[in-house]
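Trainee:
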Amino acid sequence: MAMCTMAVRGGFAPPPARLTFAVRAAYISRRNQGPGPNRAESIMANVPQDLKYTEQHEYLKPAGEDGVFYVGITDFAQGELGDIVFVELPKPGSRHEAGAVFGTIEAVKAVSDLYMPVSGEVVEANGALDANPAAINSDPYGEGWMIKVRADDAAAVAGLLDAAGYEALIG
122 MAMCTMAVRG
132 GFAPPPARLT
142 FAVRAAYISR
152 RNQGPGPNRA
162 ESIMANVPQD
172 LKYTEQHEYL
182 KPAGEDGVFY
192 VGITDFAQGE
202 LGDIVFVELP
212 KPGSRHEAGA
222 VFGTIEAVKA
232 VSDLYMPVSG
242 EVVEANGALD
252 ANPAAINSDP
262 YGEGWMIKVR
272 ADDAAAVAGL
282 LDAAGYEALI
292 G
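Numbering (my numbering), first residue to last: 122 to 292.
Rendered as structure tokens:
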């Protein structure tokens, strides 16, 4: 994977604005490894133990109904994006394959795609985010959920990262 690591006076240039979470996180991780003013201290992200995660920084949380899950972005992802100002979500009834883009999220500094963790049908989109997208920053695993999805194959959820795997991914 090619990294955007242009050196500029005082450190590295910021990553381009429209990148996936995974590419932005890799850029920031690499930037933080070197000496200089951009080296960040270890970032503590909230990673609930009972959820499943993707390498693109989405989570799946059981919604209390067989095969239905809340989908949102992780605490790590919202922290990397910064202040979220807009989110575009799919309509209920739409179908998406695992790994397909289901929406976009816009922060002050970047616009990123959102990726479907499992194949399925969108049951509900969180309409409250239209008026308050900052709920994703303040409560990503609660009020900041994005969609509810009915998974085509609930067993596919088992193939996602558990909390330990996700913690290893984000370092």
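Where is the CB? At the ideal position from N, CA and C, for every residue including glycine.
1. Look at the alpha carbon of Tyr191 and the alpha carbon of Tyr180, and state the distance between them as a whole number of angstroms.
2. Roughly how many angstroms lie between the CA atoms of Asp274 and Ser240, to the nearest whole one?
3. Can you find a heavy atom of the ligand HEM that lies under 7 Å from the Cβ of Ile194?
4. Assuming contact is defined by CB atoms lying nearer than 8 Å, are Ala249 and Glu227 in contact in what I supplied?
5. Between Val232 and Ser215, how many whole angstroms is the CB-CB distance? I'm expecting something under 8 Å.
6. Near Asp196, what residues of its chain come up, given a Cβ to Cβ distance below 6 Å and the 5 sequence neighbours on each side ignored?
7. Hey, how far is the Cα of Ala277 from the Cα of Ala285?
8. If I follow the unbroken alpha helix (DSSP H) through Gly286, where does it start and stop?
9. Go ahead and label Val222 buried or exposed: buried means 16 or more other beta carbons lie within 10 angstroms of its beta carbon, across all protein chains shown.
10. Would Ala219 count as contacting chain B if we go by Cβ distances under 8 Å?
Mentor: Straight from the coordinates:
1. 8 Å
2. 7 Å
3. The ligand content of the structure shown is nil, which means the ligand HEM is not present either.
4. no
5. So it is not a contact: roughly 20 Å between Cβ atoms.
6. Ala166, Asn167, Pro261
7. 18 Å
8. 284 to 291
9. exposed
10. Protein chain content of the structure displayed is limited to a single chain, and chain B is not contained in it.
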